[in-house]
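First comes the structure, then the notes that go with it.
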Amino acid sequence: MHSVVQPIPISKPALWTGRIMSALPILLVLMSSVMKLLKLPAVVEGFARAGLPQHLILPVGIIELVCVVVYVIPRTSVLGAILMTGLLGGATITTLRVGDPTFPMPVVLGMLAWGGLYLRDPRLRALIPLRQRPDVA
Numbered sequence: 000m001h002s003v004v005q006p007i008p009i010s011k012p013a014l015w016t017g018r019i020m021s022a023l024p025i026l027l028v029l030m031s032s033v034m035k036l037l038k039l040p041a042v043v044e045g046f047a048r049a050g051l052p053q054h055l056i057l058p059v060g061i062i063e064l065v066c067v068v069v070y071v072i073p074r075t076s077v078l079g080a081i082l083m084t085g086l087l088g089g090a091t092i093t094t095l096r097v098g099d100p101t102f103p104m105p106v107v108l109g110m111l112a113w114g115g116l117y118l119r120d121p122r123l124r125a126l127i128p129l130r131q132r133p134d135v136a
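First residue of the sequence shown: 0, per numbering that gives the first Met the number 0; consecutive thereafter.
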């Protein structure tokens, strides 16, 4: 038995709201990745403050870049959101561990990533229907 999930149509306002919501985590994680790939002094200082060795800067920057690329590609965006969630979860626990007051930022970025994806991807809306469709009894 094979069931077919009918995609829920997406309105233009929902689509654009989803794109805008998704843009913030994309831009911020991409900026963070580029800063790490360039090994900017602020990044080196931040890693030292977090108690992380300098040799991890480049691998973390690459991981961030991969997460963004996978998230941006429509076909792999759900996998990208999962990867982004892991990345941002690690960022959250690191900021909490060192007592950084910006710890809510990665949580908010994760919420924006998933919320934006939900609004713009009919596959995710069909998988997680948050409200009953009017034509379904």
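Every residue gets a Cβ at the ideal spot worked out from N, C-alpha and C, and that includes glycine. Please read all numbers here as calculations on a predicted model, not as lab measurements.
Three-state secondary structure assigned by DSSP to residue i
i    : result
L126 : helix
P105 : helix
P8   : coil
P121 : helix
Buried or exposed (CB count within 10 angstroms, at least 16 for buried), residue i
i    : result
K11  : exposed
R124 : buried
P105 : buried
G60  : buried
I56  : buried
A80  : buried
Contact belief for residue i with residue j at Cβ below 8 Å, rounded distance in angstroms
i    : j    : result
L87  : L108 : 6 Å
L116 : G17  : 7 Å
P24  : L111 : 5 Å
M34  : V42  : 5 Å
L82  : V71  : Not really, about 12 Å apart at Cβ, beyond 8 Å.
I9   : P103 : At roughly 29 Å, the Cβ-Cβ gap does not stay under 8 Å, so I9 and P103 are not in contact.
V28  : C66  : 6 Å
G85  : M20  : With 8 Å as the limit, G85 and M20 do not qualify as a contact, their Cβ atoms being about 19 Å apart.
L118 : A13  : 5 Å
S32  : L64  : 4 Å
T91  : T101 : Rounded, the Cβ-Cβ distance is 10 Å, inconsistent with contact.
Extent of the continuous alpha helix (DSSP H) run through residue i
i   : result
V97 : Counting along the chain, V97 falls outside any alpha helix (DSSP H), and DSSP gives it neither H nor E.
T16 : K11 to L36
G45 : P40 to A49
L64 : I56 to V71
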